[in-house]
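2 protein chains.
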Amino acid sequence: MSGDRTIINYSVLDEAIGYHLRRAQLAVFQDFTETFSELGLRPADFSVLLIIAHNPGLKQSEVAEALGIQRANFVAIIDGLQARGLAERRKSEEDRRVQALHLTAQGEAFAKTMMTRWAEHEKRFVDKLGGEDARDQLVQLLARLMG
Amino acid sequence: MSGDRTIINYSVLDEAIGYHLRRAQLAVFQDFTETFSELGLRPADFSVLLIIAHNPGLKQSEVAEALGIQRANFVAIIDGLQARGLAERRKSEEDRRVQALHLTAQGEAFAKTMMTRWAEHEKRFVDKLGGEDARDQLVQLLARLMG
């Protein structure tokens, strides 16, 4: 060996689904974090803002369930977005006991900036995959794992 | 609507790489956690034991780098495995200042049990994907994201 890089036997990790998923997810989330560090946005904040923007008036429990986020974590995310003036809880028009989620005017403007940045982030990984067909193939395979 | 399940517009999340990666990774890790709860093994413990089993005598830094685990986290993982009597640090034969990693006899036996359980876990997800060709395709696409 004498100074050469050690060759490592990865055994079953070479084809282990969970291992590759985790490493790929960390690589994508690291780029996400760098892309959004200036805007102070984590992946979960992004998803929540996006869902509220496209589905104003949803109940908290509906958004949390749609994204697979646990209740306690979800409440903390909404508290954070509300404290920043981006989203707000309003009493539902259908049922006054229920809190419905909306973006503020500031949140709407923020969402536009966010989407521009997101498109740049996403393009880097579509390019790494080799284009949109490969991306579609990947997303379809990943969806099977969730079923 | 009246009681119907609310239809949600996922916007770009429908094809977002990071979002699908994260949800698939959580689904696979949840199954992993359930599979290994009895053995008290987390995914990172599994990977570290596997690498040490197949590469006895590697330096701590080499194993950590191979798996992309940060130094502080890695030391905690090895401390845990050592406290359970599964792995141990020994002075390297090449350089007595360096700590090399080995499994104990108990660790070797544990690794065999672990691999049987792991094969069951993995098979569930290979089946969900539709077989080994689909698995190979997924692993290849995921590897592109890490590059």
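Here the protein sequences line up with chains Z and X, keeping their order. Using our numbering, read the first sequence as starting at 1 and increasing by one per residue. Using our numbering, read the second sequence as starting at 148 and increasing by one per residue. Every residue, glycine too, gets a C-beta built ideally from N, C-alpha and C. Every value quoted in this text rests on a predicted model; they were computed, and no experiment measured them.
Reducing DSSP to helix, strand and coil, say where residue i ends up.
| i | result |
| --- | --- |
| Q253/X | helix |
| S11/Z | helix |
| L93/X | Examination of residue 93/X is not possible in this model, given that chain X is present from 148 through 294 alone. |
| Q217/X | coil |
| A171/X | helix |
| S194/X | helix |
| T153/X | coil |
| G187/X | coil |
| A163/X | coil |
Report the partner residues of residue i according to the DSSP bridge assignment.
| i | result |
| --- | --- |
| Q99/Z | K91/Z |
| K206/X | A247/X |
Going along the chain, which residues of its own chain have a beta-carbon closer than 6 Å to the beta-carbon of residue i, five neighbours each way excluded?
| i | result |
| --- | --- |
| M1/Z | Confidence at M1/Z is low in this model, with a pLDDT of 43, below 50, so its placement is unreliable and the value that follows should be read with caution. Answer for M1/Z: no residue qualifies. |
| I17/Z | none |
| G57/Z | A100 |
Output needed for residue i: all residues of its chain with C-beta closer than 8 Å, excluding positions within five of it in sequence on either side, in chain order.
| i | result |
| --- | --- |
| I77/Z | A44, D45, V48, I69 |
| T35/Z | R117, W118, E120, H121 |
| R82/Z | Per the sequence presented here, residue 82/Z reads as Gln, with Arg not at that position. Same-chain partners within the cutoff: E88, R89. |
| E255/X | A200 |
| S239/X | G204, K206, V245, Q246, A247 |
| F176/X | P190 |
Grab me the residues of residue i's own chain with a C-beta within less than 7 Å of its C-beta, minus the 5 sequence neighbours each way, in chain order.
| i | result |
| --- | --- |
| P85/Z | A small fix is needed here, since residue 85/Z is Gly in this sequence, not Pro. These residues qualify, in order along the chain: T104, Q106. |
| R291/X | none |
| A66/Z | I51 |
| E132/Z | V126 |
| G147/Z | none |
| M261/X | L186, L188, F193, L196 |
- Query: In the segment 14-41 of chain Z, which residues sit with their C-beta less than 9 Å from some C-beta in chain X, listed in chain order?
  - Reply: D14, E15, A16, I17, G18, Y19, H20, L21, R22, R23, A24, Q25, L26, A27, V28, F29, D31, F32
- Query: At which residue ranges does the segment 105-147 of chain Z contain complete alpha helix (DSSP H) runs of 4 or more residues, listed in the order of the chain?
  - Reply: 105-129, 132-146
- Message: Closer than 9 Å between beta carbons: that is the criterion. Which residues of the segment 254-286 of chain X meet it against chain Z?
- Response: M262, W265, A266, H268, E269, F272, V273, K275, L276, G277, E279, A281, R282, D283, Q284, L285, V286
- Item | Residues of the segment 89-106 of chain Z with Cβ closer than 9 Å to any Cβ of chain X, in chain order | Using a CB distance below 9 Å, the part of the segment 89-106 of chain Z facing chain X consists of E94, ordered along the chain.
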